[in-house]
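*Asks:*
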Amino acid sequence: MFGTTRYIAWAMQFYGKVPYDLASSGTPLVTWAELGLPTPDIDDPRAYQALKDACARYNDVSPAEVTPAFGTTQAFFLAYAATLSPGDEVLVEHPGYEPLTRAAEGLGATVRTFERRAEEGFRVLPERVAAAIGPRTRAIVVTSLHNPTGVRVADETIRELAAIAEARGAYVIVNEVYAGFDDLPEDGVFRRSARKLDKNVIAVASLTKCYGLGMYRLGWLLGPEEIALRADAAAVATLGHMPLAHASYGAALFGEIGRLAKRAKVLLAGKREIASRWATSLPNAHWSAPESGLFGLVTLPGRGELLPRIEAHARETGVLVGAGTFFGAPESFRLAWATCDAARFEEGLRLLEPLVSRRA
Ligand SMILES: Cc1ncc(COP(=O)(O)O)c(C=O)c1O
């Protein structure tokens, strides 16, 4: 059975509903009208294949490795459905994105975790993963960029995880929904998918975070052919097929990635540096120091559970940050710079100071 995802319930209550949203984790939405595109032929049955081909071209992989999905969310559900049976085990990073756990539990898998620690720069340590893996482990799951810290997992580390998994006949699932921020591709081709790092690496992602297309739900799974086929089977069993209109709009939107990448660069320019200067100037605080993306994690060791103070602060000042408690890091908050322009972001940071200086 699927448990409630507390994080999403909280996000729906607060995100986007405050004057200073330093919590939301996607590039501001772009509308169809702003794009100025003609309405696609939504009755053309060739749109399914066109969407799959467009996903493959964007990710620089073959269409046989692609299963289109509704957002990264359905993509990791399909990745689990393609790798896990009830009673199997999945190893998920901690702190982490809660739906990665809920989806696996819902499919009857046992979720075990491995730590990404502040004092280690939130890196994934393969030896820690190797120590945690068991005979029923079918998948190792990481996000890169990491939600909530924004830290990238090095390609070499993913290869090491792939070797650890391979020894057990298991897979590595890389959630790379934020990876596009490493290299927003103005030519519309993302060349760095973790899928290309080893034969047993499955990558899941979408156009939702980097390009302002959050509401279009254009996601995919990339995997070895046997996994793509099983993911297709899971999609057919749970969905039948995608709406044709979705495929038609989706195929058209892939043609716009280059200009949406430029737009994202303009919207984000300089703000990570502002966040970093602010966070590293805080006394007794730790900053996750992401090298790209649109958020990082501030940890206030010894201050206890921050959630009630984050909520009270949002009500008092209108400044909202993402509560770390939903990622398993209660003394932390995720600081995001996607939504406000630079001046407003700096204003929000000034208003945030009582939260970070206040004692428990
Ligand atoms: C790690 C991670 N995966 C998936 C998602 C959801 O992605 P999508 O909107 O494409 O389903 C999010 C959203 O915050 C996320 O942080």
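Residue numbers (the working numbering): -9 to 350.
Using N, Cα and C, we set each Cβ at its ideal position, and we do this for glycine too.
1) Would G351 and L341 be called neighbours here (beta carbons separated by less than 8 Å)?
2) Quick check: the region 132 to 149 against the region 285 to 294, are there 3 or more CB pairs under 8 Å?
3) Check whether the Cβ of S183 lies closer than 7 Å to any heavy atom of ligand 1, and answer yes or no.
4) Exposed or buried, A350, counting other C-beta atoms within 10 Å across all chains shown (16 or more means buried)?
5) Could you spell out the range, first to last residue, of the beta strand (DSSP E) harbouring D11?
6) Who are the near neighbours of A99 in its chain, counting only those whose CB is closer than 6 Å to its CB and skipping five residues on each side?
7) Roughly how far, in whole angstroms, is the beta-carbon of S238 from the beta-carbon of I32, given that I think they are within contact range, below 8 Å?
8) Return yes when the C-beta of T62 is under 7 Å from any heavy atom of ligand 1, and no when it is not.
9) Look up I163 in the DSSP assignment and give the residues it is bridged to.
10) For F180 and E246, I'd like the C-alpha separation in whole angstroms.
11) Quick one, which of G170, P175, G178 and G204 has its alpha-carbon nearest A193's?
12) Thinking C-alpha only, which one of A241, I148 and W268 is nearest E117?
13) Let's test the definition: count the other Cβ atoms within 10 Å of the Cβ of V256 and tell me whether it reaches 16, buried, or not, exposed.
14) Does DSSP classify T315 as helix, strand or coil?
15) What residues in its chain sit with their C-beta under 6 Å from that of P344, if we drop five residues either side in the sequence?
16) Where does T228 land, buried or exposed, given buried means 16+ other C-beta within 10 angstroms?
*Replies:* The relevant details are as follows:
1) A query on residue 351 cannot be resolved here, the shown segment of the chain reaching from -9 to 350 and no further.
2) yes
3) no
4) Only weak support exists for where A350 lies, its pLDDT of 46 falling under 50; the value from the coordinates is given anyway. Exposed is the call here.
5) Y10 to L12
6) L74, D78 and V80
7) 5 Å
8) Under cutoff, so the answer is yes.
9) For I163, the pairing in a beta bridge is given by DSSP as V131 and I192.
10) 13 Å
11) Comparing Cα-Cα distances from A193 to each of G170, P175, G178 and G204, the minimum goes to G170.
12) I148
13) exposed
14) It is helical.
15) none
16) exposed
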